[in-house]
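S.K.: First residue of the sequence shown: 1, per full-length UniProt numbering; consecutive thereafter. The beta-carbon is built from N, C-alpha and C at its ideal position, and this holds for glycine as well. As the structure is a computational prediction, the values presented were derived from the model and not from experiment. After the structure tokens below, expect a handful of questions from me.
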Amino acid sequence: MSSAIPPRDDPLPAAFAGRQKAGAPRSAPAGLDPRPAARFHPLMKRIVLFLAAALALSTEGAMAADAAFSRWLETEVWPAAQASGVKRATFEAAVTGLEPDLRLPDLKPTGGGNAFQAEFQSPAAYLADNKLDGLAAGGRKRLAANRAVLDRTARATGVPAGILLAVWGKESAFGAAKIEKDAVRTLATQAYMGSRRAEFFPELVAALRILEEEHISRAAMKSSWAGALGQPQFMPSKFLADAVDGDGDGRRDIWNSVPDVIASIGHFLRSRGWKAGVPWGVEVRLPAAVPCSLEGPDQGQPLSAWIKAGVTRADGRPLAAADVGPVGHLLMPAGRMGPAFLVSDNFYVLKAYNESDVYALTIGLVGDRLAKAGTIRGGWGKVGGFSRSDVRAVQRRLEGMGHDVGTADGLVGFRTRVAIGRWQAKNGLAVTCYPDKAVISALK
């Protein structure tokens with residue numbers, strides 16, 4: 001409390017002295033009226049009144065916000081749900097009494113716009129040997145117990161057991177991860193006030209369809225903070241399209257049935273174009289004469305062209321079709337500041353599960369390590385020290401110069417890396433294909 005407003009038991013300052021009411025008991029301290037209603041000096045009264053008014057306004061504001069949320073559910077969500085086949089009773093059971101979850105990240109009113117201040121970590125932090133080996137060890141423990149469904153799914157989809165286990169482990173720690181969010185509340189909050197509302201709205205409607213079709217009860221439908229469901233972490237629309245019955249009980253239970261989980265992951269990848277018998281890729285040595293700006297799914301070259309350019313496996317052995325298939329795409333998640341890979345079209349199928357290059361690399365490398373030990377041979381340079389807002393500024397400058405960065409989203413995807421490399425080459429700079437302090441300073 002400020003020294004200008006003394007605590008109740010302290011003597012009043014001299015400016016307030018001598019105001020004792022006539023007839024007040026002599027035992028009362030000078031300047032204080034013993035009657036409770038008069039024991040606060042005028043400034044304290046004003047503060048109390050202000051706080052009471054603020055509390056009332058806050059309560060009214062919260063009630064107004066809840067009322068607006070309820071109106072949105074009724075006027076926006078219900079018509080869309082009804083059009084998708086959701087009955088009124090299902091809708092009411094799902095949303096009656098629902099309130100937004102203001103603890104979720106990435107909400108507009110709670111600072112979603114500040115997401116661009118997040119600091120980057122080197123891809124090395126996510127691709128460390130101990131993390132990859134830990135996931136591989138977890139998969140190895142579950143290999144024998146689930147061999148039948150893994151083999152059955154591999155035959156049906158062409159997706160190897162190692163890839164299926166790696167996805168399962170990465171998404172939910174093989175079902176051990178706690179997934180505790182109320183899926184309907186989470187999706188409704190994100191669709192109502194999240195920074196990506198347009199993406200979440202159809203997912204909320206899809207979640208209501210899942211309830212309508214009685215795949216799971218309202219209380220049991222738990223999700224991540226982003227609304228992803230069950231052990232394979234499917235968004236609701238992906239559940240409707242890709243979840244399958246792997247144990248033959250007539251249900252698609254990605255929350256509790258391991259066979260359903262494994263079969264659903266395989267079905268998802270096959271439906272996105274997984275090619276049976278084609279490996280995801282391999283780490284390589286890239287000669288200095290091969291530009292890092294050749295990276296990306298739209299710049300694939302026949303394997304023979306990479307061999308002619310002097311590209312070898314990271315262990316020095318010659319490249320073969322068994323490493324990457326007939327066509328290879330250059331992947332350099334940290335540009336010249338990290339290791340290089342040649343990847344197949346199947347690598348980009350893994351990115352359909354999660355758009356991150358590092359995620360897809362994790363799945364591929366863990367799948368390989370289930371069969372044998374391995375390590376990333378290429379070193380990682382000093383990467384990081386900048387924020388998403390820095391990268392977004394660089395992306396916008398590059399866009400202004402006519403470069404294709406994909407989306408100015410503050411993420412260093414392959415198009416941004418290629419654009420940086422081409423800008424560096426055009427300006428006679430060392431070509432690294434990755435932002436550092438010098439690149440950011442020159443382009444912001």
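(1) Give the list of continuous alpha helix (DSSP H) stretches no shorter than 4 residues that lie fully inside the stretch 150-232.
(2) Do the stretch 247-259 and the stretch 311-321 make contact, defined as three or more Cβ pairs closer than 8 Å?
(3) Please specify which runs of the alpha helix (DSSP H), each continuous and at least 4 residues long, are wholly inside the stretch 282-308, giving them in chain order.
(4) Suppose you measure from the CA of Cys433 to the CA of Ala289; what does that come to, to the nearest Å?
(5) The ligand HEM and Ser172: does any heavy atom of the ligand fall closer than 6 Å to the residue's C-beta?
(6) With respect to the alpha helix (DSSP H) encompassing Ala340, which residues constitute its N-terminal and C-terminal limits?
(7) Touching or not, the stretch 233-252 and the stretch 279-286, by the rule of three or more beta carbon pairs under 8 Å?
(8) In chain order, what residues of the same chain have a beta carbon less than 6 Å from the beta carbon of Cys292, not counting five sequence neighbours either side?
(9) Below 8 Å on the Cβ atoms is my contact criterion, and I expect Leu187 with Ala219 to pass it. Report the Cβ-Cβ distance as a whole number of Å.
(10) Assuming Ala191 contacts Arg197 (C-beta within less than 8 Å), just tell me the rounded distance between them.
(11) Answer with buried or exposed for Gln395, where buried requires no fewer than 16 other C-beta atoms within 10 angstroms of its C-beta.
(12) Quick check: the Cα distance between Thr75 and Arg103, rounded to an integer number of angstroms?
(13) Go to Val86, then tell me how far its beta strand (DSSP E) extends in each direction, as first and last residue.
(14) For the pair the stretch 260-279 and the stretch 344-358, tell me if three or more CB-CB distances fall below 8 Å.
(15) Taking the alpha-carbon positions, what's the Lys131 to Leu240 distance?
(16) Between Pro435 and Pro123, what straight-line distance do the alpha-carbon atoms span, to the nearest angstrom?
(17) For Ala340, collect the residues of the same chain with a Cβ closer than 6 Å to its Cβ; drop the 5 residues on either side in sequence, then sort them by chain order.
(18) Rounded to whole angstroms, what's the CA-CA distance from Ala128 to Arg140? Just pull it up for me.
(19) Comparing alpha-carbon positions, which option in Phe69, Ala177, Val77 lies nearest Phe201?
(20) Would you give the residue range spanned by the alpha helix (DSSP H) that Leu240 belongs to?
(21) Which stretch, first to last residue, makes up the beta strand (DSSP E) that contains Gly328?
(22) In terms of DSSP beta bridges, what is Phe313 paired with?
(23) Between Ile179 and Ser224, is the Cβ-Cβ spacing less than 7 Å?
(24) From Leu365 to Glu99, what distance separates their C-alpha atoms?
(25) Would Ser441 be called buried (16 or more neighbouring beta carbons within 10 Å of its own) or exposed?
(26) For Leu361, name the three-state secondary structure that DSSP assigns.
(27) Could you have a look at Leu73 and say whether DSSP puts it in helix, strand or coil?
(28) Under a Cβ-count criterion, where at least 16 other Cβ atoms within 10 Å of its own Cβ denotes burial, should Pro79 be classed as buried or exposed?
(29) DSSP three-state label for Leu350, please.
(30) Quick one: is Met401 buried, meaning 16 or more other Cβ sit within 10 Å of its Cβ, or exposed?
(31) With DSSP collapsed to three states, give me the class of Asp33.
(32) Alpha carbons only, please: which of Ser387, Ala137, Ser70 is nearest the one belonging to Ala373?
(33) Do you know offhand how far Pro326's Cα is from Ala309's?
(34) Just checking, does the stretch 263-270 make contact with the stretch 156-166 on the three C-beta pairs under 8 Å criterion?
(35) Can you check which of these residues, Gln121, Gly97, Ala83, Ala438, is closest to Leu411 by C-alpha distance?
(36) So, under 8 Å CB-CB, Arg415 and Gly296 are touching, yes? Tell me the CB distance rounded to an integer number of Å.
M.R.: With the given structure in hand:
(1) 161-172, 183-193, 197-212
(2) no
(3) 303-308
(4) For the purposes of this step, residue 433 is identified with residue 433 of the sequence shown, where counting begins at 1. For the purposes of this step, residue 289 is identified with residue 289 of the sequence shown, where counting begins at 1. In a straight line, the C-alpha of Cys433 is about 14 Å away from that of Ala289.
(5) Of the ligands one can find in the structure shown there are none, so the ligand HEM has no counterpart to examine.
(6) For the purposes of this step, residue 340 is taken as residue 340 along the sequence shown, with counting starting at 1. Element bounds for Ala340: not the alpha helix (DSSP H) but the beta strand (DSSP E), 340-343.
(7) no
(8) For this step, residue 292 is matched to residue 292 along the sequence shown. If we look at Cys292 and ignore the five residues flanking it on each side, its Cβ neighbours are Met332, Gly335, Arg336, Gly421, Cys433.
(9) Within the sequence shown, residue 187 is the residue found at index 187, counting from 1. Within the sequence shown, residue 219 is the residue found at index 219, counting from 1. With a Cβ gap of about 15 Å, Leu187 and Ala219 do not count as contacting.
(10) What you label residue 191 is simply residue 191 of the sequence shown in a count that begins at 1. What you label residue 197 is simply residue 197 of the sequence shown in a count that begins at 1. Right, the Cβ-Cβ distance comes to about 6 Å (below 8 Å), so this counts as a contact.
(11) Locating residue 395 in the sequence shown gives position 395, counting from the first residue. Looking at its Cβ environment, which holds 16 or more other Cβ atoms inside 10 Å, Gln395 is buried.
(12) Within the sequence shown, the letter at position 75 stands for residue 75. Within the sequence shown, the letter at position 103 stands for residue 103. So the alpha carbons of these two residues sit roughly 25 Å apart.
(13) As a position in the sequence shown, residue 86 is number 86, starting the count at 1. That residue, Val86, is in no beta strand (DSSP E); it is neither H nor E in DSSP.
(14) yes
(15) In the sequence shown, the residue the question calls residue 131 occupies position 131. In the sequence shown, the residue the question calls residue 240 occupies position 240. Rounded to whole angstroms, Lys131 to Leu240 spans 32 Å at the Cα level.
(16) Here the question's residue 435 lines up with position 435 in the sequence shown. Here the question's residue 123 lines up with position 123 in the sequence shown. Using only the alpha carbons, I get a separation of about 13 Å.
(17) One-based indexing of the sequence shown puts residue 340 at position 340. Excluding sequence neighbours, Ala340 sits near Val284, Leu286, Met332.
(18) As a first step, residue 128 is located in the sequence shown; it is residue number 128 there, counting from the start. As a first step, residue 140 is located in the sequence shown; it is residue number 140 there, counting from the start. Roughly 18 Å between the two C-alpha positions.
(19) For the purposes of this step, residue 201 is identified with residue 201 of the sequence shown, where counting begins at 1. Answer by Cα proximity: Val77.
(20) By one-based count along the sequence shown, residue 240 stands at place 240. Run containing Leu240: 236-242, per the alpha helix (DSSP H) assignment.
(21) Your numbering for residue 328 matches position 328 in the sequence shown. From DSSP, the beta strand (DSSP E) with Gly328 extends over 327-331.
(22) Locating residue 313 in the sequence shown gives position 313, counting from the first residue. Here the sequence assigns Arg to residue 313, which means Phe is not the residue at that position. Partner(s): Val284.
(23) In the sequence shown, counting from the first residue as 1, residue 179 sits at position 179. In the sequence shown, counting from the first residue as 1, residue 224 sits at position 224. Yes. Within cutoff.
(24) In the sequence shown, residue 365 corresponds to position 365, counting from 1. In the sequence shown, residue 99 corresponds to position 99, counting from 1. When rounded, the distance between both Cα atoms is 42 Å.
(25) Residue numbering aside, residue 441 sits at position 441 when the sequence shown is read from its first letter. Classification for Ser441: exposed.
(26) By one-based count along the sequence shown, residue 361 stands at place 361. Here Leu361 sits in helix by DSSP.
(27) To locate residue 73, count along the sequence shown from 1; it is residue 73. Helix.
(28) In the sequence shown, counting from the first residue as 1, residue 79 sits at position 79. With fewer than 16 Cβ atoms within 10 Å of its Cβ, Pro79 is classed as exposed.
(29) For the purposes of this step, residue 350 is identified with residue 350 of the sequence shown, where counting begins at 1. If DSSP states are grouped into helix, strand and coil, Leu350 belongs with the helices.
(30) Taking the first residue of the sequence shown as 1, we reach residue 401 at position 401. That one is exposed.
(31) Residue numbering aside, residue 33 sits at position 33 when the sequence shown is read from its first letter. With a pLDDT of 45 at Asp33, under the threshold of 50, the modelled position of this residue cannot be trusted; read the value that follows with caution. Three-state result, Asp33: coil.
(32) Here the question's residue 373 lines up with position 373 in the sequence shown. Cα-wise, what sits closest to Ala373 is Ala137.
(33) As a position in the sequence shown, residue 326 is number 326, starting the count at 1. As a position in the sequence shown, residue 309 is number 309, starting the count at 1. Those two C-alpha atoms are separated by around 16 Å.
(34) yes
(35) If you number the sequence shown from 1, residue 411 lands on position 411. Out of Gln121, Gly97, Ala83, Ala438, Gln121 has the C-alpha closest to the C-alpha of Leu411.
(36) Here residue 415 is taken as the residue at index 415 of the sequence shown, counted from 1. Here residue 296 is taken as the residue at index 296 of the sequence shown, counted from 1. Right, the Cβ-Cβ distance comes to about 7 Å (below 8 Å), so this counts as a contact.
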